[in-house]
Every structure is written in C-alpha cells, then in structure tokens.
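One point on numbering: in the working numbering, the residue at position 230 of the sequence shown is 328, and numbering is uninterrupted. The structure appears right after this line, and notes come after that.
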Amino acid sequence: MEQDAKKFGVAYWHRAHQLPTSQYCTEHGLMLDRLNLRRVQLHENLVLPFEVTAQIEYGSNAEGERNSMCFDVSILGRDVLADHSVQFSKKAILETYKTGLLQMGCLTGTEIVCFAEYLKKFGQEYDVKASSIASLLYQTKVSHPRQLLYGITNELECRPFARVLLVRLLFGTWAAFKAQCSWNDVLGGGNKIVGSESQKLMGYSFAAMLNKNRQACLDYKASRIAPTRFEFMRVSYRAFRWLRQNDRVWLDEALPMQPRIMGQKTLFK
99 MEQDAKKFGV AYWHRAHQLP TSQYCTEHGL MLDRLNLRRV QLHENLVLPF
149 EVTAQIEYGS NAEGERNSMC FDVSILGRDV LADHSVQFSK KAILETYKTG
199 LLQMGCLTGT EIVCFAEYLK KFGQEYDVKA SSIASLLYQT KVSHPRQLLY
249 GITNELECRP FARVLLVRLL FGTWAAFKAQ CSWNDVLGGG NKIVGSESQK
299 LMGYSFAAML NKNRQACLDY KASRIAPTRF EFMRVSYRAF RWLRQNDRVW
349 LDEALPMQPR IMGQKTLFK
C-alpha cells in the first residue's frame, strides 16, 4: 500500500490523466471509480476510499471495457506523457500527418482532404454513439471530427486530446507515429539537424557552394575585359542568384552595380 501511495500519488494522477485518461488505470488495466466526497470530508486532510459513501462506477464490466477503444486511447496518452525524447521538427510532424492521411485515402496528391472519406474512417474507428467515447469527447470539448485536423488543414489550434485521437486513427500506436516522424525527418528534408556529423555536413555543403559560386564569378571576370553584373547574371544565372541571396556583400564588391543616370546630366555643360 505504501508503494502504491508513492507511485500513484496526486501529482502522478494529475500528470498522467490530463489528456484525459481519467476513466482507466493504465498500470493495472482496470477502470477507475469516481468517489464523491461529502461536504464534511472536503475539509479533511485525509479520506480513505472505504470511508466515502457516495461511490459511482463508470461501468459494470471492467474486463470488457479493458479491450475497448477508450482503454487504447488511455495507453496511447500514457506513452505520450512518458516520452521525454527530443521533439521532431514541425515540418516533419506535419508531413507525417499528411502521410498518414494519404495512406488512408483521405488526402489527394494535391494535399486536399477528402472529408467524406475521412468522416467515414472516423466513424468506423470511433463509435461516437458509444457512451465511453462520447464521454471523453464531451470532457475534452472535441465536438466534431474536423477538429482533429486543426493545424494541418488550417491555422487553428488543435487540442492535445484531438491529436491523440488522430495519432491512433492514422498510426495506431505512439511508436508507429514516431517511426514515421523519424523517416520523414531523415529522408523528407526536415528542418531538424540531428548530431554533430549532420551539422558538419551542412556547414561543409554551404562552404562548398560558397567557393563554387565565388569561383564562377571570378572566372567570369577573368574572361572579360569589362565585366558587368548584368552580363554575369545572363551567363551564369544560378551562381548569380545564389551569391545575391547568400553572399550579397561579396557580390557587390566583386561586381558592383552600375549607378543609374537620372536625366541628361551633360545637357547644359
């Protein structure tokens, strides 16, 4: 009992059930009971469970509910909270959601969501008429399946529980979702750079491009008697554009822009 008190303290329950998973104990795989304290007991420092008379159970068949969808969502919520690893880039996460929607047939090649197919898949996965999922949706204020796509199809903020439902709908488990995120981050051109080797590679690539494009500019200057910036742009537009975007100061010194002649300055000389 002392071990359970340390493990399942108030802080643990507040942290582990905020998604919420308040109907199920993810450690024991059983449903939780709701205990309503009387007014006198509200002012007491310690109240034991058997001292509470008003006890309301969420369900009668705990073993049957254990295999229900709500228990799976609770397990997924526990895995999310227990994951303290470094987050992936927003670009990789967004691409992961789009990949899941595409594989499910709810997204076209031009990234347009097929809401009819999406609502059908949502209805097949989550039986909204069931009391268990209806209670969770009511508690978390997720009133419509479209709210799961907030932040993906628009700029609206998505609730954490809606994201959990979407992850389960598209990938099933948190591990599968993270594996897809890792795939997109490494091979899909994510913004996140992992490890010193990748940082060195990125720095080397920039230095190589810098030397390559500068050398193209210097070769052009050496091949012309009167080199101009406009001609260099026509001869090697790719090098000119890269230098203008990434090394503008050097480009201005190597090939300064010709001053514009406003009007006829020699008219009255």
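No residue lacks a Cβ here, since even glycine has one placed at the ideal position from N, Cα and C.
Check: Straight-line CA distance for A305 to N344?
Finding: Here the question's residue 305 lines up with position 207 in the sequence shown. Here the question's residue 344 lines up with position 246 in the sequence shown. Whole-angstrom Cα-Cα distance: 11 Å.
Check: I think D283 touches F186, with their Cβ atoms under 8 Å apart; what is that distance to the nearest whole Å?
Finding: Position 185 of the sequence shown, counting from 1, holds the residue named residue 283. Position 88 of the sequence shown, counting from 1, holds the residue named residue 186. Correct: roughly 5 Å between the Cβ atoms.
Notebook entry, point to check: Just reading off the alpha helix (DSSP H) that V211 is part of, what are its end residues?
Noted result: Residue numbering aside, residue 211 sits at position 113 when the sequence shown is read from its first letter. Premise fails: V211 is in no alpha helix (DSSP H) and is neither H nor E.
Next item on the list: Give me the Cα-Cα distance between F328 and M202, rounded to the nearest whole angstrom.
Entry: Stepping through the sequence shown from its first residue, residue 328 is reached at position 230. Stepping through the sequence shown from its first residue, residue 202 is reached at position 104. Going from the Cα of F328 to the Cα of M202 covers about 51 Å.
Notebook entry, point to check: Does the segment 198-213 come within contact of the segment 263-273, defined as at least 3 CB pairs closer than 8 Å?
Noted result: yes
Next item on the list: Express the C-alpha separation of L264 and L246 in angstroms, rounding to a whole number.
Entry: The sequence position of residue 246 within the sequence shown is 148, counting from 1. The sequence position of residue 264 within the sequence shown is 166, counting from 1. Their Cα atoms are separated by approximately 6 Å.
Check: Which term fits V171, buried or exposed, when burial requires 16 or more other beta carbons within 10 angstroms of its beta carbon?
Finding: Within the sequence shown, numbered from 1, the residue matching residue 171 stands at position 73. It is buried - the Cβ of V171 has at least 16 other Cβ atoms within 10 Å.
Notebook entry, point to check: What whole-angstrom Cβ distance do L174 and W272 have, given they're in contact under 8 Å?
Noted result: Indexing the sequence shown from 1 puts residue 174 at position 76. Indexing the sequence shown from 1 puts residue 272 at position 174. At roughly 6 Å, the Cβ-Cβ gap stays under 8 Å, so L174 and W272 are in contact.
Margin query: Using a Cβ-Cβ cutoff of less than 6 Å, which residues in the same chain neighbour C212 once the five nearest sequence positions on both sides are dropped?
Written below: Translated into the one-based positions of the sequence shown, residue 212 becomes position 114. C204, listed in sequence order.
Note to self: Going by DSSP in three states, L179 sits in which element: helix, strand or coil?
What the structure shows: The residue given as residue 179 occupies position 81 in the sequence shown. Helix, per DSSP.
Next item on the list: Name the one or two DSSP bridge partners that C205 has.
Entry: As a first step, residue 205 is located in the sequence shown; it is residue number 107 there, counting from the start. Before going on, a small fix: residue 205 reads as Leu here, not Cys. Paired residue(s): V211.
Check: How should I191 be labelled, buried or exposed, when 16 other C-beta atoms within 10 angstroms of its C-beta is the threshold for buried?
Finding: Mapped onto the sequence shown, residue 191 falls at position 93. By the neighbour-count rule (16 or more Cβ atoms within 10 Å), I191 is buried.
Notebook entry, point to check: What number of angstroms, rounded off, separates the C-alpha of M307 from the C-alpha of F338?
Noted result: The residue you call residue 307 lines up with position 209 of the sequence shown. The residue you call residue 338 lines up with position 240 of the sequence shown. Cα-Cα distance, rounded: 12 Å.
Next item on the list: Could you work out which residue in F275, K319, D181, Q222 is closest to Y195 when comparing CA atoms only?
Entry: Position 97 of the sequence shown, counting from 1, holds the residue named residue 195. Among F275, K319, D181, Q222, the Cα nearest to that of Y195 belongs to F275.
Next item on the list: Please list, in chain order, all residues of the same chain as L199 whose beta carbon is under 6 Å from its beta carbon, the five residues on each side excluded.
Entry: What you label residue 199 is simply residue 101 of the sequence shown in a count that begins at 1. Once the five neighbours on either side are set aside, the close Cβ partners of L199 are L205.
Notebook entry, point to check: What separation, rounded to the nearest whole angstrom, lies between the Cα atoms of C279 and D350?
Noted result: By one-based count along the sequence shown, residue 279 stands at place 181. By one-based count along the sequence shown, residue 350 stands at place 252. For C279 and D350, the distance between alpha carbons rounds to 42 Å.
Checklist line | Cut-off 7 Å between Cβ atoms - residues of its own chain near M355, not counting five sequence neighbours on either side | finding: Numbered from 1 along the sequence shown, position 257 holds the residue referred to as residue 355. Closer than 7 Å at the Cβ level, and outside the excluded window around M355, lie R327.
Check: For L285 versus P243, is the C-beta distance shorter than 9 Å?
Finding: Locating residue 285 in the sequence shown gives position 187, where the first residue counts as 1. Locating residue 243 in the sequence shown gives position 145, where the first residue counts as 1. Contact: no.
Check: In three-state DSSP terms, what is E255?
Finding: Working through the sequence shown from its first residue, we reach residue 255 at position 157. Here E255 sits in coil by DSSP.
Check: Taking the continuous alpha helix (DSSP H) assigned at S280, which residues delimit it?
Finding: Sequence index remark: in the sequence shown, residue 280 carries index 182 (1-based). 272-285 is the extent of the alpha helix (DSSP H) around S280.
Check: Comparing alpha-carbon positions, which option in L179, Q313, R322 lies nearest R336?
Finding: Within the sequence shown, numbered from 1, the residue matching residue 336 stands at position 238. Considering only alpha carbons, the answer is Q313.
Check: DSSP on D345, reduced to helix/strand/coil?
Finding: For the purposes of this step, residue 345 is identified with residue 247 of the sequence shown, where counting begins at 1. Correct three-state label for D345: coil.
Note to self: Helix, strand or coil, according to DSSP, for G221 in the structure here?
What the structure shows: By one-based count along the sequence shown, residue 221 stands at place 123. Three-state DSSP puts G221 in a helix.
Check: Quick one: what's got a C-beta closer than 7 Å to N311's C-beta in the same chain, skipping five residues either side?
Finding: Here residue 311 refers to the residue found at position 213 when the sequence shown is read from its first residue. For N311, where only same-chain residues beyond five positions count, the Cβ hits under 7 Å are A337, W340, L341.
Check: Going straight from the alpha carbon of L353 to that of N309, what length do you get?
Finding: The sequence position of residue 353 within the sequence shown is 255, counting from 1. The sequence position of residue 309 within the sequence shown is 211, counting from 1. Looking at the two C-alpha atoms, the distance is approximately 16 Å.
Checklist line | M331: first and last residue of the uninterrupted alpha helix (DSSP H) it sits in | finding: Here residue 331 refers to the residue found at position 233 of the sequence shown. M331 -> alpha helix (DSSP H) spans 327-333.
Notebook entry, point to check: Of the choices C315, T251, A320, S321, whose alpha-carbon is the least far from that of M331?
Noted result: If you number the sequence shown from 1, residue 331 lands on position 233. Checked all of C315, T251, A320, S321; the closest Cα to M331 is C315.
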